[in-house]
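**Student:** Residue numbers (full-length UniProt numbering): 1 to 291. All residues carry an ideal CB built from backbone N, CA and C; glycine is no exception. Note that the coordinates shown come from a computational prediction; the quantities given were computed from them, not determined experimentally. I'd like to ask you about the structure that follows.
Dropping the structure here:
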């Protein structure tokens, strides 16, 4: 059986009462969630002016990532599809307001009220069709469209994701760009199997100098440009706002065989004793498309 939870069952079923309590009581998961949330908050690049912001935690679960937001002085709203996870969050008396909902059906928030959004290990669930009525592309479109509308102009959204493959990453990124976001993927420690983490960093608005995708952490930080020495396409920071598409290779025209070549071949055929039509001014001329 796969270790990826999204391949085992829908989130509202996978995270039942037992799994929700097990998840929340694990010291290892608590530590990992705290680190990922801190990094996501760092990538949000909120102004350091001491003013609390209203943030959205998508796939908030039992509120572990929301605790990091509260510790940094921000107010937050949490959205999750698992009733069991939200029940545990209520028992823990988290500071944020909680919403039971499916992000694939849209967020349903007022336009322009959110100052930033984070999501830890949740967005890739949208790539799976857990029900016959689920179409991943339509769900991604609904999610990113509603997210773009509820964010304030210039606000960022940072999603920690672990896509199953490159195609899934491009699928998520593509629908984010179609919704109007600028940004790209930041990869922390790209050459480490254990520490590698991917963050989708999006800005509400068109590409500009302020929407430049930050660099990922690691000893050898890589910029958005492709390095000649880098052979692994998945280990690079992807920057959509500054992407230069390679030019299409020009088609090499086939060398047309001229009159001299035709006359030479006809002479060779005659020497072999074959019946060859006599040469004329029409020899080797290109026929018209019509009779």
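1) Could you name the residues of the same chain whose beta carbon sits closer than 7 Å to that of residue 214, not counting the 5 residues immediately before and after it, in chain order?
2) Taking the beta carbon of residue 269 as the centre, do at least 16 other beta carbons fall within 10 Å, making it buried, or is it exposed?
3) For the beta strand (DSSP E) holding residue 184, just list the boundary residues, first then last.
4) Can the beta-carbon of residue 109 be found less than 8 Å from the beta-carbon of residue 98?
5) List the residues that DSSP assigns as beta-bridge partners of residue 199.
6) Looking only at its own chain, which residues have a Cβ that is under 6 Å from the Cβ of residue 106, when we skip the five neighbours before and after it?
7) Given this structure, state the Cα-to-Cα distance separating residue 75 from residue 96, to the nearest angstrom.
8) Which same chain residues, not among the five before or five after residue 126, have their C-beta less than 8 Å away from its C-beta?
9) Could you tell me how far apart the beta carbons of residue 46 and residue 116 are, in whole angstroms, since I believe they sit closer than 8 Å?
10) What is the DSSP secondary structure of residue 297, reduced to helix, strand or coil?
11) Please confirm whether residue 168 has its beta-carbon closer than 8 Å to some beta-carbon of chain C.
12) For residue 84, which of 159, 282, 101 has the nearest alpha-carbon?
**Tutor:** Reading it off the structure:
1) 43, 186, 201
2) exposed
3) 181-188
4) no
5) 160, 186
6) 142, 146
7) 7 Å
8) 103, 104, 136, 139, 140, 143, 172
9) 6 Å
10) With the chain covering only 1 through 291, there is no way to say anything about residue 297.
11) No chain C is present in this structure, which holds just one protein chain.
12) 101
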